[in-house]
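Chains as they are written, first to last, in the numbering used here: chain A, 1 to 502; chain B, 503 to 749.
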Amino acid sequence: MHCEELHTKVLQRTYFDSFDWRIYCAGGVIEEEIGTSGVSLRWRNVVPIETFGNISINKKIRFVWDLPVCSLRERLEPILDVRALLPLLCMNCQAHGLIVLNKDKKTVARLSIEENRILGSTKSKSLKLPAILYAESVKGYDTVFKEILQVIDQQLALEVDDQGMVQRAMAAVELQPASYSSNLNLLLSPETHIEVVMRNILLRLLEMMQVNERGIRSNLDSEFLHDFRIAVRRSRTALGQIKGVLPHKIWVRFSRKFEWLGEITGPTRDLDVYLLNFVAYKKSLPLPVRDDLDPFYYFLMKHQTIEHKKLVMHLESARYIKMTAAWLAYLKAPLSERTTLPNAHCSTLDVANSRIWHMVRRVVKEGEAISASSPPGDLHQLRKSCKKLRYLMDFFRSLYPTEEINKLINTLKLLQNKLGQYQDIHIQIASLETYRTQMKSESGAADRTLVAIDIVIQTLEQRQSHVRKMFKSRFAAFAEIKNRVAFRRLFKPKIQKDTLFQ
Amino acid sequence: MKIIACYNIKGGVGKTATAVNLAYLASREGARTLIMDLDPQGAASFYFRVKPKIKGGLKTLMDSKQGLDELIKGTDYADLDLIPADFSFRNMDLFLEDVKKPTRRLRKLLINFDNDYDFVFLDCPPSISLVSENVFQAADILLVPTIPTILSLRTYDQLLKFCKENNLDDLLVLPFFSMVDMRKQLHRMIVEKPPKTLAGLLNTTIPYASDVERMGLNRAALATYAPKCRAALAYELLWDEIKECMS
Numbered sequence: 001m002h003c004e005e006l007h008t009k010v011l012q013r014t015y016f017d018s019f020d021w022r023i024y025c026a027g028g029v030i031e032e033e034i035g036t037s038g039v040s041l042r043w044r045n046v047v048p049i050e051t052f053g054n055i056s057i058n059k060k061i062r063f064v065w066d067l068p069v070c071s072l073r074e075r076l077e078p079i080l081d082v083r084a085l086l087p088l089l090c091m092n093c094q095a096h097g098l099i100v101l102n103k104d105k106k107t108v109a110r111l112s113i114e115e116n117r118i119l120g121s122t123k124s125k126s127l128k129l130p131a132i133l134y135a136e137s138v139k140g141y142d143t144v145f146k147e148i149l150q151v152i153d154q155q156l157a158l159e160v161d162d163q164g165m166v167q168r169a170m171a172a173v174e175l176q177p178a179s180y181s182s183n184l185n186l187l188l189s190p191e192t193h194i195e196v197v198m199r200n201i202l203l204r205l206l207e208m209m210q211v212n213e214r215g216i217r218s219n220l221d222s223e224f225l226h227d228f229r230i231a232v233r234r235s236r237t238a239l240g241q242i243k244g245v246l247p248h249k250i251w252v253r254f255s256r257k258f259e260w261l262g263e264i265t266g267p268t269r270d271l272d273v274y275l276l277n278f279v280a281y282k283k284s285l286p287l288p289v290r291d292d293l294d295p296f297y298y299f300l301m302k303h304q305t306i307e308h309k310k311l312v313m314h315l316e317s318a319r320y321i322k323m324t325a326a327w328l329a330y331l332k333a334p335l336s337e338r339t340t341l342p343n344a345h346c347s348t349l350d351v352a353n354s355r356i357w358h359m360v361r362r363v364v365k366e367g368e369a370i371s372a373s374s375p376p377g378d379l380h381q382l383r384k385s386c387k388k389l390r391y392l393m394d395f396f397r398s399l400y401p402t403e404e405i406n407k408l409i410n411t412l413k414l415l416q417n418k419l420g421q422y423q424d425i426h427i428q429i430a431s432l433e434t435y436r437t438q439m440k441s442e443s444g445a446a447d448r449t450l451v452a453i454d455i456v457i458q459t460l461e462q463r464q465s466h467v468r469k470m471f472k473s474r475f476a477a478f479a480e481i482k483n484r485v486a487f488r489r490l491f492k493p494k495i496q497k498d499t500l501f502q
Numbered sequence: 503m504k505i506i507a508c509y510n511i512k513g514g515v516g517k518t519a520t521a522v523n524l525a526y527l528a529s530r531e532g533a534r535t536l537i538m539d540l541d542p543q544g545a546a547s548f549y550f551r552v553k554p555k556i557k558g559g560l561k562t563l564m565d566s567k568q569g570l571d572e573l574i575k576g577t578d579y580a581d582l583d584l585i586p587a588d589f590s591f592r593n594m595d596l597f598l599e600d601v602k603k604p605t606r607r608l609r610k611l612l613i614n615f616d617n618d619y620d621f622v623f624l625d626c627p628p629s630i631s632l633v634s635e636n637v638f639q640a641a642d643i644l645l646v647p648t649i650p651t652i653l654s655l656r657t658y659d660q661l662l663k664f665c666k667e668n669n670l671d672d673l674l675v676l677p678f679f680s681m682v683d684m685r686k687q688l689h690r691m692i693v694e695k696p697p698k699t700l701a702g703l704l705n706t707t708i709p710y711a712s713d714v715e716r717m718g719l720n721r722a723a724l725a726t727y728a729p730k731c732r733a734a735l736a737y738e739l740l741w742d743e744i745k746e747c748m749s
């Protein structure tokens, strides 16, 4: 058995993840490697140090659909979904590859010594990482590998790296993995005054809006705007559902401001959704006419660019900057011990119970009133109530036993999905009809494109009617006795305070 | 997982060279690849510098329910593993005759690797037998290297007839010309105007080349020591064409 040097490679490696750390949360990062033999992309596990799905690429990969059909794409699709890959770290690596051969000159183990240097960091002292020796066994030669490890251990006395190079590099540049999540993850105490908790909730939501601004401005992916809008909607729900906690003037002022934010972000989000749905629209068409829909894609792209520009202008406007600064100043200002606000000093648990229970009853009442002949508006109203209930449950989740509240949230999610599907299709049909007219007047779209849009609308109508038919059973599953009892047990206030917080 | 069998009733047509070189190309692209050397001559094992020997022989291979993993040997290349041949494989037919569902035994074995590999290449022994039937049942693609000679074309017809008679409709049979020597008039004639019976014939032809013969000397895949030679480039084209057929 002897060792041979195979190569010394100078590589540039860039590590990628989505903004919300989806890949890291799934145990890895995406590694792009540029060397003399070209550019390759692979999945690298954080710990244990393993790679998967190595693939040669010849273009920049931003979204999962930019990848050719391969095992890496298959693994990434459900994880990354519509999020973009964003660079986390860029490193220069000098890799010395060695192989251990047996008497037949067959490789029985692989060794690699890697010296890594992080690029683009301002802290020059922390740039160079300690060199790492990797020892990789070859299948079927385990006994030999044990001997090799023994030699390394006895003669080199190296420290075992249980952290992994990627984590080590992230720590060196103070990059905190999984530091962003669209979940609120608030840890609340039941006896705290609601005015304190409400500020914390709103502050956290403001932070979420602000961290997503850069991604919206650069149009990195559609989820930045999506998360921003969720933070806006959650803020509106907090303001609308937990009353008597903020001074009336502030409440009126910021309720209007958040309503404005909802309005200015709507058109871009709608177009994002249509663009994301485009492949599905195309697939719903018969094969020979699928390409006829392509002009519609360019139409959507054009309008998305226009609306996105308008949105960026709004986000850079004095109005928006002033609003967020004033909101932050208000939320961070110290609270006075005395207050004239009627509910400011109520306990968080009382408010949570009262508001959630109130909203549960409203959802049940609205749902039960919906019949086969109810107009779509009634379902939309129920969807809005469900969203409010969901946001309230998210705000106060930590006050309740995890398993029980999660079970109820999942039950609610199923109903929301069905209502969401129905409402989304309803809006899509209306919008597609508007876009169809707009396309015709703007660019004199070809008849075959208009026909293709008509077919998409027809398919959506069929799906809408199908989803509508399923509403009854889905709502019945949500409102079944077992769930009602669970909601009651968890949220019904001990002392009826329904008149409060209305 | 896709199972690609390199098969021909005739011997000496380039089955092993095809299996070894394509498996190498697949693994070079990052696909987790396994090559199974079913030929008792053990040429594929030899090319990969692995002893053509399995502890316990054929019985271990066929009886192994969970232990098949232990037979696998890593090759000199990342992402490319091998199940070596064993001289006892010469009795595989006899062994299969005595088992239940004798034509599906190989399929049953390989199904265990569904999550571990993207491609499995089978380097098959020549002849048409119970082993071949196992190959036909297990494989998604039957890759048939065919020398442009009359006898080779005749064996291809025999193969097609067998597939038809045994309702192997799901098996994608892809013949291609191998060991083509365009200096020979007959080769030239058949390649330029292939017979209509060669349904699904791939466009790529693998030339007869001494570089391929040197695989035995170098005990390595062609692309590792002569990456720019005509035959190495032809194997790359062939692999691209097969991937296209699969997609």
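Backbone N, C-alpha and C define an ideal beta-carbon position, used for all residues, glycine too.
Owing to the predicted nature of the structure, the values given are computational and were not obtained by experimental measurement.
Check                                                                                                                                                                                                       : Outcome
Which stretch, first to last residue, makes up the beta strand (DSSP E) that contains N343/A?                                                                                                               : Careful: N343/A lies outside any beta strand (DSSP E) and carries neither H nor E.
Output needed in chain order: residues of the stretch 124 to 143 of chain A with a Cβ under 9 Å from some Cβ in chain B.                                                                                    : E136, S137, V138, K139, G140, Y141
Using the DSSP secondary-structure output, state which residues sit across from L645/B in a beta bridge.                                                                                                    : C508/B, L676/B
Out of N705/B, W741/B, L611/B, L700/B, point me to the one whose CA is closest to D565/B's CA.                                                                                                              : L611/B
Please look up how many angstroms separate the CB atoms of L239/A and W327/A, rounded, as I've assumed it's under 8 Å.                                                                                      : With a Cβ gap of about 11 Å, L239/A and W327/A do not count as contacting.
Run through DSSP, which three-state label would I23/A get?                                                                                                                                                  : helix
Going along the stretch 44 to 77 of chain A in order, which residues come within less than 8 Å of chain B, judged by CB to CB distance?                                                                     : G53, N54, I55, S56, V69, C70, S71, L72
Entirely within the stretch 60 to 130 of chain A and at least 4 residues each: give me those alpha helix (DSSP H) ranges in chain order.                                                                    : 71 to 80
Rounded to a whole number of angstroms, what is the C-alpha to C-alpha distance between D642/B and T651/B?                                                                                                  : 27 Å
Do R44/A and E33/A come within 7 Å of each other at the CB atom, strictly closer than that value?                                                                                                           : no
Would you please verify whether the beta carbon of D561/B is less than 7 Å from any beta carbon of chain A?                                                                                                 : The amino acid at residue 561/B is misidentified as Asp; the sequence shows Lys. It does not; no Cβ of chain A falls within 7 Å.
Do T520/B and S529/B have their beta-carbon atoms positioned less than 7 Å apart in this structure?                                                                                                         : no
Taking Cβ-Cβ distances shorter than 8 Å, what residues in chain B pair up with R42/A?                                                                                                                       : G532
Out of K603/B, Y658/B, I574/B, point me to the one whose CA is closest to P697/B's CA.                                                                                                                      : Y658/B
Assuming L762/B and N636/B make a contact with CB atoms under 8 Å, what is their CB distance in whole Å?                                                                                                    : With chain B represented from 503 up to 749, any question about residue 762/B goes unanswered, as that position is not in the structure.
Report the rounded CA-to-CA distance for H689/B versus D539/B, giving the unit in angstroms.                                                                                                                : 29 Å
In or out: T499/A buried (at least 16 other Cβ within 10 Å) or exposed?                                                                                                                                     : For T499/A, the predicted model reports a pLDDT of 48, less than 50, meaning its position is unreliable and no value from the coordinates is stated.
Starting from the beta carbon of T8/A, find every residue of chain B whose beta carbon is closer than 8 Å, and list them in chain order.                                                                    : Those do not exist, as T8/A stays about 17 Å from chain B at its closest Cβ, beyond 8 Å.
Spell out a yes or no on whether the stretch 264 to 280 of chain A and the stretch 217 to 234 of chain A are touching, meaning 3 or more CB-CB pairs, one atom from each, closer than 8 Å.                  : yes
How far does the alpha helix (DSSP H) with E295/A in it reach, from first residue to last?                                                                                                                  : In the sequence under discussion, the amino acid at residue 295/A is Pro, which differs from the Glu named in the question. That run of the alpha helix (DSSP H) goes 294 to 316.
Quick one: Cα of V232/A to Cα of F258/A, how far?                                                                                                                                                           : 6 Å
Tell me whether the stretch 59 to 67 of chain A and the stretch 178 to 193 of chain A touch, counting them as touching only if at least three CB pairs, one residue from each stretch, are closer than 8 Å. : no
So with CB distances below 7 Å, who are the chain B contacts of D104/A?                                                                                                                                     : R551
Within the continuous alpha helix (DSSP H) that includes Y15/A, where are the two ends?                                                                                                                     : Element bounds for Y15/A: not the alpha helix (DSSP H) but the beta strand (DSSP E), 2 to 17.
Under three-state DSSP, which class holds A733/B?                                                                                                                                                           : helix
Determine whether the Cβ of T107/A lies closer than 7 Å to any Cβ atom of chain B.                                                                                                                          : yes
So, is the C-beta of I585/B closer than 7 Å to a C-beta in chain A?                                                                                                                                         : no
In this structure, how does DSSP classify V515/B when only helix, strand and coil are distinguished?                                                                                                        : coil
Run the CB neighbour count on L490/A, radius 10 Å, all protein chains shown included, and call it buried at 16 or more, exposed below.                                                                      : buried
Taking only beta-carbon atoms, is G513/B less than 7 Å away from chain A?                                                                                                                                   : no
In the DSSP output, which residue or residues are listed as bridge partners for V29/A?                                                                                                                      : R44/A
Whole angstroms is fine: what's the gap from R204/A's alpha carbon to L187/A's?                                                                                                                             : 12 Å
Can the beta-carbon of F591/B be found less than 7 Å from the beta-carbon of P542/B?                                                                                                                        : yes
Excluding sequence positions up to five away, which residues of its chain have a Cβ less than 6 Å from the Cβ of I57/A?                                                                                     : V39, L41
Assuming F19/A contacts L86/A under a Cβ cut-off of 8 Å, what Cβ separation, rounded to an integer in Å, is found between them?                                                                             : 6 Å
I649/B CB to nearest chain A CB: under 7 Å?                                                                                                                                                                 : no
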